[in-house]
Structures are given as C-alpha cells and as structure tokens.
Amino acid sequence: MSQPDVLFVMTDQQRFDTIAALGNPHIFTPNLDQLVRRGVTFRNAYSTCPVCVPARYTIRTGCEPPTTRAFVNVSEPAQGQRRTMTERCGPYLAQRMRQLGYRTFGIGKFHSSPWDEQLGYEVHLHSEELYESPEQRRRDAYAAWIADEYPHFSFIEGLMGERTEMYYIPQMSPTPAEAGVERWAAARAVEQIRADDARPYFGLVSFIGPHPPFAPPLPFNRMYDPDRMPNPIKGDLETDHLDEQIPWMNQCIWAEDINDPLARILKARYYGEISYIDDCLGRILDAVEARGRSQDTLICFFSDHGDHLGDHHAWQKESFFEASCRIPLLVSCPARLPRDRRSDELVCLTDLFGIATSAAGKPEFREGIDLLGTLAGDAPPREYLIGYYAEPGSPQFKVMVRDTRWKYIFMANGGRELLFDLENDPNELHNAIQTQPTKAAECRTKARSACDVPGARAGLGDGDLRVFPFHERQRNRICQFDASRGVAEFPRKPEEALQNFLAQHDRAGDP
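Read left to right, the sequence shown gives residues 168 to 678 (the numbering used here).
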C-alpha cells in the first residue's frame with residue numbers, strides 16, 4: 168500500500184473522561200465522537216511524565232524521560248549521556264517523517280526548549296501561551312496574525328485569557344471565536360491539508376486548550392449549566408495529599424480554597440473549551456474528507472496530560488492520579504484499522520512515534536511498543552508502564568508503576584507510597600499499601616529496575632529507591648504576566664502599574 172497521510176491532533180491538559188461517545192453524558196463532542204467511531208479508542212493511555220515539556224518530548228522522540236532527560240519543564244543530560252536531545256534520542260518525529268518522503272507541517276503549541284527549536288517541520292507555525300520578549304511575540308505566528316488581522320485586539324496581554332491569580336477563575340475569551348487561537352490553528356491546518364503537493368503529509372495540530380485559564384469564546388462559554396456538572400471526586404486528605412506536590416501546586420496557582428460550587432463552574436467552562444476545540448476539529452476533519460484520501464488517512468488524537476479539576480483536592484497536573492496522567496487516545500485509519508473498537512492495552516505517548524513511522528513503512532519504535540502490531544495480534548502487549556516526574560536524585564522525584572490492574576506511586580520526599588486497585592477502586596480513594604504488601608513489593612522492584620538506567624540512576628541509593636527525609640516546601644505563588652511587555656509581577660504599590668503602563672504606551676506612540 169502507498170504511504171497514508173498522517174495527522175496528529177493534540178490538546179493540552181484534556182482529561183481522559185471528556186468525550187461523549189466514551190461515556191460522559193455531560194459534554195457535547197460530536198467530532199470527537201466521530202473519531203471514536205472512525206477507529207480505535209485506547210482506554211488505558213497514559214502520559215508517562217504528566218507536564219507539558221516532558222510529555223511533548225516523549226511524543227517527538229519516542230523516548231522516555233530518562234533518555235530525553237526532561238522530567239520537568241527543563242532538560243539537562245545526565246553524566247555520561249550525549250549532550251543534545253537528538254544525539255540521545257535520534258531525529259525528531261517530523262525530521263524522520265521528512266526523511267521518509269513526507270511533507271511536514273506543525274501548527275500550534277510546541278513548548279519546546281528553546282521555544283523556536285527546529286523540530287523538522289517544513290511549515291512551522293507557533294501559537295505559544297506566553298511571550299518572554301517583544302521579539303518572541305512578533306515571531307509567534309498567532310500573535311502576529313492578530314496584529315495583522317485584528318489589530319484592535321493587539322492590546323490584549325493574555326490572548327488566551329488571564330493567568331496568575333485568574334488561572335482557575337472562569338472567564339470568557341477576550342476575542343471572538345473566529346479570532347481565537349483554536350480557530351486560527353484549525354484554519355492553518357486546513358490550508359496545509361489542501362496544499363497542492365503530491366507527497367503524503369505528516370501534520371501536527373497542537374491546540375492550546377483546554378489548558379487553563381478556562382476562557383471559551385461566545386457561545387461556548389455558556390453551553391454548560393454549572394449546576395448540572397458533577398462535583399470533584401475526593402478522598403480523605405491523608406491519601407489525596409500524601410503527594411506533597413499537590414498542596415504546594417494548589418498554593419502556587421491560587422487554587423488552595425476552591426469550593427465545590429466554583430469547581431462546577433470551572434468544569435462548565437473547561438467543557439466549553441473542549442466543545443470549542445471540537446468545533447474547530449470538525450473543520451479539520453471536513454478538509455481531510457474533501458482531500459479524497461480520507462479512508463487512507465491515519466488520524467491520532469491525544470492530549471499531553473490531564474487536569475485534576477478538583478479531584479483529590481487537587482488542581483493542575485504533575486501527579487500520577489488518573490485525572491492527571493491518563494489521557495484520551497484515538498487512532499483511526501479506515502482502510503487499515505478496525506472501526507469503533509475499544510482497547511484496554513496499556514499504551515502511552517511514547518508509542519506515537521512507532522505509529523507514524525509504521526504507517527510510513529519504516530517502523531521505528533525506540534522506547535515505545537508496536538501499538539499497531541498489538542491491534543493486529545502480531546506484537547505482544549505491554550505488561551506494565553513506568554512514569555517519572557522530577558529530577559531523579561531530588562526530593563521531588565516520583566515514579567509510577569501501572570500494570571493491568573494496579574498502580575503504585577513512590578515519592579522520594581519521605582519515601583511515601585500509594586497503591587491503588589484500579590479494578591475495584593477506579594477513583595483511587597483507598598491506599599492499599601498496608602493491606603497488599605506483596606503487590607507493593609513487586610511494584611517497588613519494578614520501579615527500582617526502571618530507575619537503573621543512565622538517565623535515572625540518581626534516583627537510587629543503597630540498592631533501593633532513594634528516600635529523602637520528608638520536607639514540606641515553602642508555599643508561594645506563581646506570576647504569569649506578559650513578559651514581552653515588561654510585566655513580571657504585581658507592583659509593590661498600585662500606582663506603579665498605571666505609571667508603567669502609561670510610560671510603555673507613550674514609548675509606543677499611542678494617543
């Protein structure tokens with residue numbers, strides 16, 4: 168068979184349980200439902216490092232965090248490892264697909280380091296969330312498009328909504344739907360899909376939403392009645408906050424006191440963001456259909472990680488609770504794969520590299536598995552998954568083991584442990600670490616073995632997982648203003664904000 172077109176569509180911070188066709192009666196997602204019917208849904212798909220930069224490097228490299236060395240939103244090689252990411256991992260996915268004869272395009276959020284890293288896309292259009300300098304804002308494709316097409320919106324500092332103390336406060340988009348970043352990304356994707364080029368394409372469309380702030384445009388901001396939203400799922404604090412990262416992060420983002428009524432409002436706006444993305448996705452799918460090769464177009468839809476949304480008394484991500492690390496993963500190609508099928512295989516973002524290269528005719532799995540081969544019965548399934556977070560050898564280091572029934576989480580800070588029977592306790596409310604010592608020991612052995620590799624060996628000590636005396640970090644706040652306009656934090660005196668604003672606009676020659 169000829170090489171199919173390959174389209175990756177990803178979202179940021181979308182939970183696994185946010186698709187109507189997969190059992191959520193509260194959300195409207197007709198185009199995601201169409202993708203569910205079009206192919207295979209992997210119900211046990213995970214982000215093995217549930218935070219933006221590391222998750223994206225597992226996708227573009229096909230390698231896990233000990234090799235990428237991205238355990239948080241920065242990366243550094245370990246002693247003895249090669250210096251650059253591609254030296255450690257091999258060419259990025261888009262680079263490899265170009266080598267295999269594909270034209271490549273990437274649109275949206277990449278969150279690479281540096282922000283404009285060359286990733287292998289012939290057409291590479293950024294829409295990053297934050298701008299570190301005026302030059303970055305000028306070079307960001309979406310911000311530049313706003314300046315050209317909607318100059319009356321250029322005054323907006325947070326084009327995707329206000330962050331900092333407003334991070335988990337429900338909002339409405341500062342721009343109308345047609346000027347929103349998701350609609351922009353969809354329009355650019357349609358242009359690339361329609362391009363007159365005989366080569367098959369490999370494209371990545373990377374939506375910024377539903378990452379907070381939750382600021383959907385009209386009418387998506389009022390699609391959902393908060394009083395019809397379910398409350399967060401919470402256990403006892405001893406279990407939910409055994410991971411000290413959770414209360415620390417809650418404080419960082421002004422989310423330490425969100426009550427259930429506000430949580431329901433936030434969920435309504437979060438669902439509004441997803442429905443807006445779903446509407447934009449429909450435009451992309453229409454373009455795929457119109458191209459005439461839709462039956463032989465491989466589409467993968469996925470997210471980089473989830474969002475606690477108040478579950479376990481938590482907000483944001485960066486934990487190994489299901490709400491944070493489990494993701495939607497839909498894979499379809501009608502000419503090659505079964506339709507409307509559910510799979511319970513353990514899969515992760517690292518496997519996407521092998522899916523794309525297998526479709527291109529040159530399978531390269533690196534540290535993933537042959538996911539298409541498992542569907543066909545030609546390759547063995549994964550027995551268990553390993554997840555990593557934070558630098559091995561630091562108190563913040565965490566490692567997860569997920570097998571077909573159990574999940575084990577080790578936290579170096581205090582040597583704390585969680586064990587959940589996901590078959591009988593899918594909401595992860597009961598820590599079985601004391602009642603299931605044999606299973607806990609088995610999982611700990613697997614975690615220890617997974618750290619016995621060059622990029623994670625610092626996580627070991629005295630033949631076991633390294634433990635630090637428990638220490639509760641100092642609580643602080645994170646400010647996320649527009650650095651491109653010289654705004655880094657709240658002023659010491661209120662009048663300074665006005666003075667600085669007026670001075671900046673005087674310099675710009677504004678009336």
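Every residue, glycine too, gets a C-beta built ideally from N, C-alpha and C.
If P171 and P367 are in contact, beta carbons under 8 Å, what's the gap, nearest whole angstrom?
Translated into the one-based positions of the sequence shown, residue 171 becomes position 4. Translated into the one-based positions of the sequence shown, residue 367 becomes position 200. About 6 Å; that satisfies the 8 Å criterion.
Cβ-Cβ distance between P437 and F381 below 8 Å
One-based indexing of the sequence shown puts residue 437 at position 270. One-based indexing of the sequence shown puts residue 381 at position 214. Position check: residue 437 holds Tyr in this sequence, whereas Pro was assumed. Cβ atoms of Y437 and F381: closer than 8 Å.
By DSSP, does W482 sit in helix, in strand, or in coil?
One-based indexing of the sequence shown puts residue 482 at position 315. Three-state result, W482: coil.
Identify every residue that forms a DSSP beta bridge with G622.
Position 455 of the sequence shown, counted from the first residue, corresponds to residue 622. Paired residues: none, contrary to the question.
Please confirm whether V290 and A523 have their CB atoms less than 8 Å apart.
Counted from its first residue, the sequence shown places residue 290 at position 123. Counted from its first residue, the sequence shown places residue 523 at position 356. The answer is no: Cβ separation not under 8 Å.
Beta carbon of C447, beta carbon of E349: below 8 Å?
The count along the sequence shown starts at 1 and reaches residue 447 at position 280. The count along the sequence shown starts at 1 and reaches residue 349 at position 182. For C447 and E349, yes; Cβs fall inside 8 Å.
8 Å is my cut-off, CB to CB: does R509 come that close to chain D?
The chain labelled as chain D is not found in the depicted structure, where only one protein chain is given.
Under the rule that 16 or more other beta-carbon atoms within 10 Å means buried, what is N426, buried or exposed?
Walking along the sequence shown from the start, residue 426 turns up at place 259. Exposed is the call here.
How far does the alpha helix (DSSP H) with D471 in it reach, from first residue to last?
Here residue 471 corresponds to residue number 304 of the sequence shown, with the count starting at 1. Unbroken run through D471: none, as it is neither H nor E.
On the CB-based measure, 16 or more other CB atoms within 10 Å of its CB, does R572 come out buried or exposed?
Indexing the sequence shown from 1 puts residue 572 at position 405. Flag for R572 reads exposed.
Straight-line CA distance for M567 to H408?
For the purposes of this step, residue 567 is taken as residue 400 along the sequence shown, with counting starting at 1. For the purposes of this step, residue 408 is taken as residue 241 along the sequence shown, with counting starting at 1. When rounded, the distance between both Cα atoms is 16 Å.
Helix, strand or coil: which one does DSSP assign to E550?
To locate residue 550, count along the sequence shown from 1; it is residue 383. Coil, per DSSP.
Can you give the Cα-Cα distance for F183 and S491, rounded to whole angstroms?
Looking up residue 183 in the sequence shown gives position 16. Looking up residue 491 in the sequence shown gives position 324. Going by the C-alpha atoms only, they are around 9 Å apart.
Can you give the beta carbon distance from Y335 to W421, rounded, assuming they're within the 8 Å contact cut?
Your numbering for residue 335 matches position 168 in the sequence shown. Your numbering for residue 421 matches position 254 in the sequence shown. The beta-carbon distance between Y335 and W421, rounded to whole angstroms, is 7 Å. This is short enough to meet the 8 Å contact definition.
Please work out which residues of its chain come closer than 8 Å, Cβ to Cβ, to R533, disregarding the five sequence neighbours upstream and downstream, and give them in chain order.
Residue numbering aside, residue 533 sits at position 366 when the sequence shown is read from its first letter. Within the same chain, T228, G229, C230, C256, G257, T517, F520 and G521 come within 8 Å of R533 by CB-CB distance, once the 5 residues on both sides are set aside.
Below 8 Å between beta carbons: does that hold for H479 and I576?
Reading the sequence shown from its first residue, position 312 is the one you call residue 479. Reading the sequence shown from its first residue, position 409 is the one you call residue 576. Not a contact, by the Cβ cut-off of 8 Å.
Straight-line Cα distance separating N211 from Q181:
One-based indexing of the sequence shown puts residue 181 at position 14. One-based indexing of the sequence shown puts residue 211 at position 44. Approximately 15 Å, taken between the alpha carbons.
Once you ignore the five residues that flank G560 on each side, which residues in its own chain have a CB closer than 7 Å to its CB?
For the purposes of this step, residue 560 is taken as the residue at position 393 of the sequence shown. So the list reads A625, G626 and R633, once near-sequence residues are dropped.
Is Y269 helix, strand or coil when you go by DSSP?
Along the sequence shown, read from residue 1 onward, the residue named residue 269 stands at position 102. Coil, per DSSP.
Distance between E489 and A670 (C-alpha atoms, nearest Å):
Position 503 of the sequence shown, counted from the first residue, corresponds to residue 670. Position 322 of the sequence shown, counted from the first residue, corresponds to residue 489. Distance between the alpha carbons of A670 and E489 is about 48 Å.
Can you have a look at K660 and say buried or exposed, based on whether 16 or more other CB atoms are within 10 angstroms of its CB?
To locate residue 660, count along the sequence shown from 1; it is residue 493. It counts as exposed.
Count the other CB atoms, across all protein chains shown, that sit within 10 Å of the CB of T679; report buried if there are 16 or more and exposed otherwise.
Outside the displayed span of the chain (168 to 678) sits residue 679, for which this structure offers no information.
Exposed or buried, V203, counting other C-beta atoms within 10 Å across all chains shown (16 or more means buried)?
Position 36 of the sequence shown, counted from the start, is the residue given in the question as residue 203. Buried, because 16 or more other Cβ atoms sit within 10 Å of the Cβ of V203.
Thinking just about the alpha-carbon of each residue, which of S280, G247 and Y224 is nearest to the one in L260?
Reading the sequence shown from its first residue, position 93 is the one you call residue 260. From the listed residues S280, G247 and Y224, the smallest Cα separation to L260 is found for Y224.
Taking the straight line between their C-alpha atoms, what separation do you get for M177 and V207?
In the sequence shown, residue 177 corresponds to position 10, counting from 1. In the sequence shown, residue 207 corresponds to position 40, counting from 1. Taking the straight line from one Cα to the other gives about 16 Å.
Beta-bridge pairing of H293 - partner residues as DSSP gives them:
Reading the sequence shown from its first residue, position 126 is the one you call residue 293. DSSP, once it has assigned bridges, lists G275 as partnering H293.
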